[in-house]
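*Asks:*
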Amino acid sequence: MEDQEILVKFADPASRNLAFNQLVRKYQQKVYWHVRKMVVDHDDADDLTQDTFVKVWNHLGNFRQDASLYTWIYRIATNECLSFLSSKRRKFFLPLNDVSEELAAKMEADPSLAGDEVELKLQKAILRLPDKQRLVFNLKYYEDMKYEDMAEVTGTSVGALKASYHHAVKKIEQYINEPS
Amino acid sequence: MNTPFRLDDHPRRPQPLAPPPDGYFDRLPTQIMARVQPAASQESTAFGWLKALSLPLRTALGSVVVLGGFAATFLLNQSSAPTTPAHLAHANLASVPRTEMVQYLLASDERVSLSDLSELPVAEQDMVGEYLNVSPAEVQAALDEQPTEPSYL
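Residue numbers (our numbering), protein chains in the order written: chain A, 1203 to 1382; chain B, 4 to 156.
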């Protein structure tokens, strides 16, 4: 079902549930993996994915369509992730590096990375990036999102996003090339 | 010497982490619908019917409710005000002895005008003789002495 059709059906109370169900099925994997790459842990990603879609339900009636539905949903998911990571630091009085270390420890326990030293080091390097830069890196590197769409998701200019991605790549390569 | 790591040369994994549990994406829509459904059912049971009305109807309904509130307040205030029905007022007045009433009226001369006196002999001839100690003729003579034209002319 196309986004426009979903929006039309959602506006009708008789077909609202059906339309929203279709919306969740269409975007759940994208949202889940976007969130999961930010918070690493599956349970956290599950909670944040559900929270994202609950917010989509609550605000979809006010969606003005000056952005695409896809970037609007990503924006909500992104805000959920950033709020989660920020509140985690506030709650436990953790500095930036400690949260990265905690996420890296979860990453090391991930069975899909077992035996792949370079990939594990790459993931650790990504986790060392500041949250917003990591977000930009993930959207570009893993999802190959257009900078214009990323600008809608993050509320940042295209130029700033390009610079942020470029610096992120340099930081990652530098970290991996450092002798351990 | 090892070749320096370059990100562009590294094979890109679409999903770098372990996949979620089996069937997770089959269950997720049901879990999300269950979370949004209570809010939807509450809307429909409480004020959901309002959404079915058009905007002008909802505005009109709101106006009726506000006006109804004013009317109810007015009526409640009216009914709670201490009022005495007309027939009870007459009954109470009838229970006061006429002697006391006349004495009261005579003691406060502002309340008895000459026109009251002129009507008295006609309405209650006995009272004139009993309480005023004047005959109807004397009352009539006193009235005749009054100027027929209003003094302010």
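Where is the CB? At the ideal position from N, CA and C, for every residue including glycine. Small disclaimer: the values here were computed from a predicted structure and weren't measured.
1. Alpha carbon to alpha carbon, how far is S154/B from A144/B?
2. Under the three-state reduction of DSSP, which class applies to L1331/A: helix, strand or coil?
3. Suppose the cutoff is 8 Å on Cβ atoms and the five residues either side in sequence are ignored; what does the same chain contact list for L1250/A look like?
4. Counting contacts by CB-CB distance shorter than 8 Å, is Q1252/A in contact with chain B?
5. Spell out whether any CB of chain A is found under 8 Å from the CB atom of P59/B.
6. What residues from chain A crowd round A21/B, counting only those whose CB sits closer than 7 Å?
7. Verify the CB distance criterion: does R9/B have a CB-CB separation below 8 Å to chain A?
8. With 8 Å set as the bound, which would you pick, yes or no: does the beta-carbon of R16/B sit closer than that to a beta-carbon of chain A?
9. Less than 8 Å between C-beta atoms, sequence neighbours within five positions excluded: which residues of the same chain meet that for L1322/A?
10. Can you find a C-beta in chain B that's less than 8 Å from the C-beta of V1371/A?
11. If the cut is a Cβ gap below 8 Å, which residues of chain B does I1378/A touch?
12. At a Cβ threshold of 8 Å, is K81/B touching chain A?
13. Is DSSP giving L20/B helix, strand or coil here?
14. Taking all protein chains shown into account, decide if L156/B is buried (16 or more other Cβ within 10 angstroms of its Cβ) or exposed.
15. Taking all protein chains shown into account, do 16 or more other C-beta atoms lie within 10 angstroms of the C-beta of F77/B, making it buried, or fewer, making it exposed?
16. Below 7 Å on C-beta distance, what does I1275/A contact in chain B?
17. So the alpha helix (DSSP H) N5/B belongs to, where does it begin and stop?
18. For a contact meaning CB atoms closer than 7 Å, what does R38/B contact in chain A?
19. Identify every run of the alpha helix (DSSP H) within the region 1238-1316 of chain A, keeping only runs that are complete inside it and at least 4 residues long; order them along the chain.
*Replies:* Taking the definition as stated:
1. Looking up residue 154/B in the second sequence gives position 151. Looking up residue 144/B in the second sequence gives position 141. With a pLDDT of only 49 at S154/B, under the threshold of 50, the placement of this residue in the model should not be trusted, and no figure is reported.
2. For the purposes of this step, residue 1331/A is taken as residue 129 along the first sequence, with counting starting at 1. Coil, per DSSP.
3. Here residue 1250/A corresponds to residue number 48 of the first sequence, with the count starting at 1. Within the same chain, L1250/A has close Cβ partners V1237, V1241, A1279, E1282, C1283 and F1286.
4. For the purposes of this step, residue 1252/A is identified with residue 50 of the first sequence, where counting begins at 1. Yes - at least one Cβ of chain B is within 8 Å of the one on Q1252/A.
5. As a first step, residue 59/B is located in the second sequence; it is residue number 56 there, counting from the start. Cβ-Cβ to chain A under 8 Å: no for P59/B.
6. On the second sequence, residue 21/B is found 18 positions in, with the first residue counted as 1. Simply D1312, P1313 and S1314.
7. For this step, residue 9/B is matched to residue 6 along the second sequence. So, interface residue.
8. On the second sequence, position 13 is the one that residue 16/B refers to. It does: the Cβ of R16/B has a partner Cβ on chain A nearer than 8 Å.
9. Start at 1 with the first residue of the first sequence, and residue 1322/A comes out as number 120. Within the same chain, L1322/A has close Cβ partners M1309, E1310 and L1315.
10. Within the first sequence, numbered from 1, the residue matching residue 1371/A stands at position 169. Chain B, which has a Cβ nearer than 8 Å to the Cβ of V1371/A, makes this yes.
11. What you label residue 1378/A is simply residue 176 of the first sequence in a count that begins at 1. Neighbours of I1378/A on chain B, chain order: F8.
12. Position 78 of the second sequence, counted from the first residue, corresponds to residue 81/B. What sits at residue 81/B in the sequence shown is Gln, not Lys. Chain A, which has no Cβ nearer than 8 Å to the Cβ of Q81/B, makes this no.
13. Translated into positions along the second sequence, residue 20/B becomes position 17. Of the three classes helix, strand and coil, the one that applies to L20/B here is coil, per DSSP.
14. Along the second sequence, one-based indexing puts residue 156/B at 153. Residue confidence is low: L156/B scores 44 on pLDDT, short of 50, so the model does not pin down where it sits. Its coordinate-derived value is still stated next. That one is exposed.
15. What you label residue 77/B is simply residue 74 of the second sequence in a count that begins at 1. Answer is exposed; the Cβ neighbour count stays below 16.
16. Numbered from 1 along the first sequence, position 73 holds the residue referred to as residue 1275/A. The premise fails here: I1275/A is roughly 13 Å from chain B at the closest Cβ pair, so nothing lies under 7 Å.
17. For the purposes of this step, residue 5/B is identified with residue 2 of the second sequence, where counting begins at 1. Run containing N5/B: none; DSSP gives neither H nor E here.
18. Within the second sequence, the letter at position 35 stands for residue 38/B. What R38/B touches in chain A: Q1252 and V1256.
19. 1244-1261, 1271-1294 and 1298-1310
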